[in-house]
Every structure is written in C-alpha cells, then in structure tokens.
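To start, the structure itself, in structure tokens.
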Amino acid sequence: MRIAGKGLATGSKTVNFTFNGRHLMGLEGDTLASALLANDIHLVGRSFKYHRPRGILTAGSEEPNALVTLGTGAVQDPNIRATTQALYEGLEARSQNCWPSVEHDILAVNNLAAPFFGAGFYYKTFMWPAAFWEKLYEPMIRRAAGLGALSAEADTDVYEKAYAFCDLLVVGSGPAGLMAALTGARAGADVLLLEEDSRLGGRLLVEQEEIDGKPAAVWLQEVLAELGSLENVRLMARTAVTGAYDQGTYGALEQVGHHEMRRHSLKGSHRPRECFWRIAAKHCILAAGAIERPVAFRNNDRPGVMMASAVRAYLNRWGVAPGERVTLFANNDDAHRTARDLAKAGVHLAAVIDSRHDAPESDLYPVMRGAQICNTGGGKRLESITVRSVRGEEKIQTDCLAMSGGWNPSVHLTCHLNARPVWRRDLLAFVPSSDAVPGMQAVGACNGVFSTQGALNEGAAAAASVLDALGLQGARAEVPVAEDVPYQIAPLWAVPGKGRAWLDFQNDVTVKDVTQAATENFRSVEHMKRYTTQGMATDQGKNSNVAALAVLADVTERSIPETGTTTFRPPFVPVSIGAMGAGAVDQGFKPQRFLTSHAASEERGASQLEVGLWYRAAYFPKQGETNWRQSCDREVMLVRRAVGICDVSTLGKIDIQGPDAAKLLDFVYTNSFSTLKQGRVRYGLMLREDGFVMDDGTCARLGDQHYVMTTTTAAAGEVMAHLEFVAQVLRPDWDVRFTSVTEQWAQFAVAGPKSRELLNGLLDQPIDSDSWPFMACGEISVMGIKGRLFRISFSGEEAYELALPAGYGDSLFRSLLARAEALGGGAYGMEALNVLRIEKGFITHAEINGTVTAHDLGMAGMLSKKKDFIGKAMAHRPGLVDAERMQMIGLKPIGAVKELSAGAHLFAPEDPVERVHDQGYVTSVGFSPEFGQMIALGFLKRGANRIGDEIRLVDHMRGIDTLCEVVEPVFYDPEGERCRG
Amino acid sequence: MRIACPICGERDRREFYVKGAALERPVEEAGLEAWHAHVNLRENPAGIMAELWYHEMGCGSWLTVTRNTATHEVLKVELASESGLGGAV
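Chains as they are written, first to last, in the numbering used here: chain A, 1 to 981; chain B, 1001 to 1089.
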C-alpha cells in the first residue's frame, strides 16, 4: 500500500498499466515492482522447476523471481525484471512459466514430485525406455524448459552501438562513485559516470541519513547539479557496465527506450531500444555497491518474503509499504534500519528476529534475540512465520518478512579478467583482490567498505590517485562528513531443520540439493554449481553464490576460502543479442555488391545468384521458358554456335607495377612469368606455403613493368592479402606496388565463334587472329574510351574479355547484348558458364578445395624447377605427390540412372558402400547439351590410371546410386582448337 | 582490444586479421624438417609472442605485434617489413 508523503515520487501523475490482463494504476517514477506492491500484488510468477508461487524479492537487477513478459508479437520481451522495469503509460506485463494463470498453475504438481527433481535428476531419469526419449521426453523437457518465451516474430526494434573514450570511467553513482567523479571532474579529468539505475544516487536514494549535516537527498541534488554543469563530465543513467576487458576496455548497455512505450511515428523513425557501448578508459573506479543476501530456511521463498534493504527501498524511494504486519529476520545491524524506517512511517512491526544474542534492541518494536525463523506459512502469500528460540517454537502472523543475511560486495567486474575475489572473515564476504583488472580500483561497498563515510573517503582517494597518474593538478575536493557505523554481523547461512530451504530462487536449488551434490562426491564448487545448477540462472548467482558456498563448505567440513569460489563472467546483466549486433541486420550484416550490368540483367528477368556478397545473373529466361535448364541449355549452345556475353567483373583484378613486378609474379606463381612477353597473357597456378593449391588465374603483361593479375571471385581478397604479405613481410626490398582494381573495370566475356565479328563492329580499331592470337592482350578503345582486351577463354570457344572503366559498364553491356542478339547470340549466366567450363575441364574453387595439389590436378608440369616460389618446398613432400592420391577425372553416367550430383562419393562397383572403400568424390556437375547427358568432374584414387574404368557414384542425401565411366577430365575439344580459331 | 598501427594509430582489433606467429621463412634448400616446422609446428607460449597482423580494414600494412598471451598486454608494434622475416633471398 502507498504511504502518503513517503517516497521520491510524491505528487507524480498516475500511470495506467495492466498485469495479467488486469488494469491497474501506478505513479510516474514507479518500477513495475513498486507499482504492483502498491496495489498489494505479491504473486508475480511461478518458480522454474517446482512451479511454486513466487513474489518480488529485491528492488534491483539481481531480482530472481519477478520475471515477467512485456508486450506481444514482434515486441514481446520475456524475462524482464519487474524491479528494474520503469512503469510507463500502457505497459502490458504478464507472468511467466505458469498455465493457465499464475494464480492457478497446472504444473504446481511438480512441487509434489519434488523428491524426483533433486540435484542432477536429469542424469538419473528419462532414460528408459530408450525409444521414449525422442518421441516423449525430449519434447516434454523442451516445453518445460526456460521461463519466458519469444514470440518467434522478427524483432522490429532498432539498436545502436557506440564508442566512448575517457580519462576516468566511474561505475556506479552512490556516495563512493559520486565522490570519485566529483574529485576527478573538478581537477579537469574527462569523466564518464555510468549508473545502471534510472536515477543517479545509489543507496542515497533510499537511506535516511545525513551528509555534511543535511539530508542525503539534498547533498545528492547539489552534487548532481555540479556534475551536470561541468563540460568534462558525462552522466549516463540506465547504463549498466556489463563487462571488463583488456586494455581498459569496458562494455556497457544503455537502455535507451525501455522506460517508454515504443513510438512508431508516421515518419517511421525509431528511437533505438538499446545502445551497446564500447568504452576505452584510461582509468576506472568501480563503485558498484553491494547486494544483500538472503538467509536459507524452510519455505523461505513465499511471496511476501523480501530483502530487508528492498523493503526500505520500496518504503523510502517509492512510498510503498509491502505489508501491514511486517517482520524482520537478520544477522546484522544494518537490516534493523528497515524496522526503524517502517516504524517511523507508521507501519506495524510484528517482530524483529535476530540470530545474534547481542542484537540491538529498540523501543519502537519487539526484538527477539538469539532466535531463528525455521518455517513460513501461507499459500500464494506469506501468512505466518515460525520462530525458534530458547523458548521453543512460536508462530507469528505476518504478511511481509524482511530478511537479511548480510551484504555481498559487487565484485563481478573484478573477476572478468580471471582474478578471484578474496574472503574476508571479518565481513563474512568476498572482496576484490587488488590489481584484479589493470587500471581499475574498487571503492566503497564493492570493496567491503560499507559505511557512507568510508565510501566517500575511498572514492575521493581513488580519484586522487588517478589524477596523479594523469598528471592533473588542482585542489582536491573536501570529503564531507557522514555516518560511519561499524558493520556488525554474525554468521548465518542456513537455518538447520527439515524441509526445503531455498538458495537459488530462480533455478529452484535448495540446501538439500547442495548437500546431495556433496554426498554424491561433487565436492568442488565448480562441480556443485553445474550438478545443481545453482548460480546458473540469469541472476548469475548474485543471490545465492556465497550462501551455497557456505553450505558446501559446512557439509564438506572445509572453510569457505578452502572450498573456493566460482568466478563471474560478462555480462553483468543480460544483454540482448540485438544490441550486441547493432547494425548487423539484413544488409548491415551482409552488404550487397552489384555489377554494372545488374539493372540490365534485372530488366531481362535474370535470376540472381549470390556469389559471396556479389549478385550475378544465373540465367536469362526467355519468353516461354519455364525451367532454368531450358535457359541454361540454350545459353550454352548460343556460346558454342554464335556469341555470348557474360559479366565477369567480379573476378579479382590486381594492377601490379614496378621494376620488380616480374620477380613478385615469379615468386607467387608456380610457373614462370618473368618470361612473359609484353602483350601476352599466361595462366598461372598459386600455392599456399604448405604446397596445396590456393588459386588459379591469368596474368597479363600490359607494359614493360606493368601487369594485371586476375584471381577467382572467391579468392580475390585472400590473394590480395597474400600479395601484401609477400611484398611487405617476405620481400620488403623489392620495388613493386600493386592495388586492387576489381571495381574500377567493368569486364565482359565475349565468347563464341562470332566473338571477333562482334568486337570488330564495336572497337575503334578492328582485330584479326594474327595481331590478336590466343592469349594476346592490350589496350583498345571503344568510341574513344580507352579500355583493355584480353583474348582468353573460359568456355573453350574463341573468346575475349573486354574491359572499360566501370562507369561505362551499363551502356557497354547493353551494347554488347544488342550486337550479340543481332548475330544470333545473347547473354549467358553463371549456370551456362559453369557447364561450358566443365565441358572443358577448367577448374574453379569447386576443385580447388584446399586439399588438392598441382599433381592432383594434372598440373605437375607447372611447378618450375628453376626458381623458388611460395609452396615449392612443401609441394614436393612424398604425401603430396603420392600416386595413390585422388586425381582429377571426368565422369559420364552409363547406368540406368543418368543423374549425377556434386558431393557424391565414388566406389568400386564390387565394394560395399562403406567409408573404408571410399575412392573419391564428385566436385562439379552439369547437363551438357552438346553430349545430351550429365557430365561431372571429380577426384578419384589413382584416377589418371583408371580412365575407362567403371565406377559407382553414390549420393545418400539425394538418393542417387548409379554407374559411371571414368574419362579424361575434358569432354569437349580436347586439343583446344576452337579457342585458337 | 586495440592495436597501435604505426601508420594509422590505435585501432580496434576488428580492423585487423591475425595470421599467426611471426617466423622467418626458411630458404628453399633448408630441408623438409625445417619447412615442416615452419608451416606446421608452433610454440604455444603462455607469455611473450611475436605475431603477424594485417590491417586489412585500414592501411593494409602487415604488422609484427609482440604480445603477452597470458596478460594480453601489447608490448610492441612495428611494420613487418622491418622485421626481417623473408629469410635469405
């Protein structure tokens, strides 16, 4: 219920929202949790395994129970913590992990089957009968797994990523962080202060205390005003630092749009939902505070059982009393502040139960010293507690229990670079080890210093040391005076007794589970964690790690430091994948590269093929063609009989110049290029240093010291990097320069018996077979525009490649097409290009698959004996020249089935089709209109010696099993006469 | 992680491609053992190591980066062309 006059949001406007379909009202400044509590709603969800009723436990991002789903459809957001979700007009939230409703959940029967769901139950169940696994158990488990659900619709939210640099990154805006930021800022450091909460101030937003003689809230306002006025200070709320990384790098998630309804304006502009920051900080001060830990006792998980600090946060910050008859259970002095604040606000305290015999007493409320809570009563809401003391056991009526087992410093970020925290017996807590993260200092509560004065002192001191390191002078800020009460605590991890006592609320792990793990010899904390799943929920064990460790230590009769601790890893809070991958959606993830001929191809209805990031026309369907094969067959024949035009601009083109250009080519190619004459092109083979084939291509000599190398489309980037490696790392003394010109030249294949006729209608100077023999190259011009012509052939017909600067690509393509069509030819695409080259046995990266050598390809003759080249030494290893290796062959179907497929494997017809009998595989297939059947290229053991043999081709995936004849890997014009035309 | 490219200054790791250990290329006649070691065998130190990085999204320089693989500290960055890794020509 709301307490009039309490809370920071007094007088704020009302906000309408729904929870499980029920219309409710809250105030601006509420979180969903504070608004639910104000409406006296405690039951918010059902636990993971046992489907027990659960309520709001905390007031922070460590919340394990109050996870809800917001929205529906594309904007559905599961597993949102009600404790950090800002309330906005029209918010729609609903409970998770329950059906049909949170009030009446069918799977609550799981609670009765609890003995079967103990630690590691999934290793002992769902095993028999074996057949049931796939049909029954797995589907069941999948349905039951997880808490919230996704809608399966595409995410329509927009995310951003950003980068920031600063002298000093301050994580957390409580007293320690504010003091650090103030000290640094006043001396001129560039300060970035990040706060996870929606408002800055940390515990100063909750605790009723004084700083420098004035209320903490007033001091806070003054400091924020000063920081806000300084140009060298950036303040960011709703921004959680998620991870610490090398070199002073930090990740942070800014929740830009979570606190308001998504706006989809008519202009379609979206406020980004989240922004993921990468921050490079010269120094970092971690002022992340501490998280209060629960106590484990029987039935400690009922709605209405909350953390003591959370109860006073709801009271002091949001003006909400979570109950009318409140009790408190603690082992430390700090928790008593909740009782005091409640009493002063007029809320009835039924009892304060403290496990310590020397607990402080009060005239405001009764205190039971040396007592423990051993059970709770109630169903969907807490109704009573049972207290055990020297007097025996007694029941107390209560609707809200505020519990506290002490405080855990938030050491998480200090563990991200593999440091382990250190146990402090005096604090009964882990604190950061020094130098855990280079450049980061921990101050205040996260460093085990719990008093406000201590926090202020540490923040100021740490900032002062940062200023020294930065070399910044300036008067240091005076540290104000604040409370400095010592931290008094006695150990209390779990109350002994029967029944289940919860440690990890989110994963439903109890003291019994940890004990059982130890009994089954999972005694190391790493094993206990994974066997019980304690600490593996989205709260990353924030509420259970230390207590579980203490229980394990107790059960295995070791001390806590001896038992050790698990580490923390990023992210500190869950980060949506959309934020991590901001910008990498659709074209942002996979940019599109288009050819100059793309528009014309599209106009002709070409089917586009994605080749890496490029789009290339696969075929150009003509009127009446309904199947791609019709188009492909026609295009193959128009190249063989007339003339075809194909855009080959995607192949890598590298312009190489300089006195040592020929030396570079001789070094990277297996064959000789220093002997290449000007005006000629040569085919070259490139190896990796391990002797395997990396790429093939042609290299043209256009001038005395000027070459243009081509690569395959697939390997263009790789070859470029390779050339840079050779030139910079291996031969830095050579005088050679090169650059990629792939996108600078639009290049088209003009292929077929009428190719020269076509060109002579277009080029400014005609060509003939004597002046332009096969493998000639040189400069030409078209309508006065200078370009290049290469007489090379990938189809096996007389063919040329014509290149003009890319700006002329579109009009050149259209002109070439019109001329080709006038000669009875036309455009051809990738499908036809592939058939043509298979007919000739020309290789692509289907054959150059990284496991193939020059010998395998039948190109051993291209390995020069006269010069060193990349890969030479390793290429001659016995294993790479072995006659037993798979060598390239051709295949023709001779069995009843005429279908061949790439990826099929080859077997001797008399062998069983088993892996040990595998003789090879098929790399490329196509239907050859010339031969009226499918043909293929592949690799076969001792293939060169098995020409004419029968071989069995098997493709299990496509259900093909047929006989083939092994043939030479060239089907059409083996003498190569047609291209020499 | 950031690498200080001698030409471009400090840049995000993702602008680079890492090839691996910075090793001197053996001469052609060094023998198979030496070549096998160069291509296939690597020390895997938990400590200081020299690596080759390629600034492919930047200036295209190959760099020799001396790095501590245990602490991730980057100790030195130089142009690989100055590292003498080509071996005898």
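Note that the Cβ used here is the ideal one computed from N, Cα and C, for glycine as well.
Distance from the CA atom of A:H845 to the CA atom of A:A714, rounded to whole angstroms, is 7 Å.
Annotation: A:A579 has no Cβ neighbours in chain B at a cutoff of 8 Å; minimum Cβ distance is about 17 Å.
At a cut-off of 8 Å between beta-carbon atoms, A:P732 makes contact with chain B.
With a threshold of 8 Å between beta carbons, A:A164 makes no contact with chain B. Judged by DSSP in its simplified three-state form, A:Q488 adopts coil rather than helix or strand. Within its own chain, the residues whose Cβ lies closer than 8 Å to the Cβ of A:A618, once the five positions on either side in sequence are excluded, are A606, S607, Q608, L609, W628, G829, M830 and E831, listed in chain order. At a cut-off of 8 Å, the C-beta of A:E718 has no neighbouring C-beta in chain B.
The Cβ-Cβ distance between A:G448 and A:A429 falls below 8 Å. The Cβ-Cβ distance between A:L417 and A:P175 does not fall below 8 Å. Under the three-state reduction of DSSP, A:Q247 is assigned to helix. A:Y808 and A:T675 have their C-alpha atoms some 34 Å from each other. Contact between the segment 538-551 of chain A and the segment 202-222 of chain A is absent, with fewer than three C-beta pairs closer than 8 Å. When 9 Å is used as the limit between beta carbons, B:L1052 is near these residues of chain A: F725 and V729, in chain order. Your pair A:D358 and A:A330 does not check out as a contact, with CB atoms roughly 13 Å apart and the cut at 8 Å. Taking C-beta separations shorter than 7 Å and ignoring five residues to either side along the sequence, the partners of A:A119 in its chain run D513, Q516, A517, Y531 and T532, following chain order. Residues of the same chain with a CB within less than 8 Å of the CB of A:L900, apart from the 5 flanking positions on each side, are L891, P893, V922, V925, M934, I935, A936, L953, I960, T962 and C964 in chain order. Under the Cβ criterion (8 Å, minimum of three pairs), the segment 212-229 of chain A does not count as touching the segment 293-307 of chain A. Minimum Cα-Cα distance from A:N834 among the listed residues A:L227, A:V648, A:L549 and A:N507 corresponds to A:V648.
A:Q592 is the residue among A:E603, A:A875, A:Q592 and A:G624 whose C-alpha sits nearest the C-alpha of A:V611. A:K13 carries a coil assignment under DSSP once its states are collapsed to helix, strand and coil. The beta carbon of A:E393 is closer than 6 Å to those of T386 in its chain, skipping five residues each way along the sequence.
The three-state secondary structure of A:S465, taken from DSSP, is helix. Cβ-Cβ distances below 6 Å link A:E950 to P909 and L963 in the same chain, with the five nearest sequence neighbours on each side left out; the list follows chain order. Using a Cβ distance threshold of 8 Å, A:I373 and A:V495 count as a contacting pair. The C-alpha of A:R731 is placed about 52 Å away from the C-alpha of A:G932. Residue state for A:W219 is assigned as helix, using DSSP reduced to three classes.
Annotated three-state conformation of A:P893 is strand, per DSSP. Straight-line measurement puts the Cα of A:M528 at about 22 Å from the Cα of A:N65. The continuous beta strand (DSSP E) containing A:P78 extends over residues D77 to R81. For the pair A:A460 and A:M179, the CB atoms are nearer than the 8 Å cut-off.
Nearest CB-CB separation between B:V1039 and chain A: below the 8 Å threshold.
Ranked by Cα distance from A:M862, the options A:H956, A:T84, A:V352 and A:V668 are led by A:V668. Here the alpha carbon of A:M1 sits roughly 6 Å from the alpha carbon of A:D40.
In the three-state reduction of the DSSP assignment, A:T532 falls in the helix class, which pools H, G and I. Beta-carbon to beta-carbon, A:V158 and A:S95 are separated by about 28 Å, too far to satisfy the 8 Å threshold.
Note on geometry: alpha-carbon atoms of A:S544 and A:G243 lie some 21 Å from one another.
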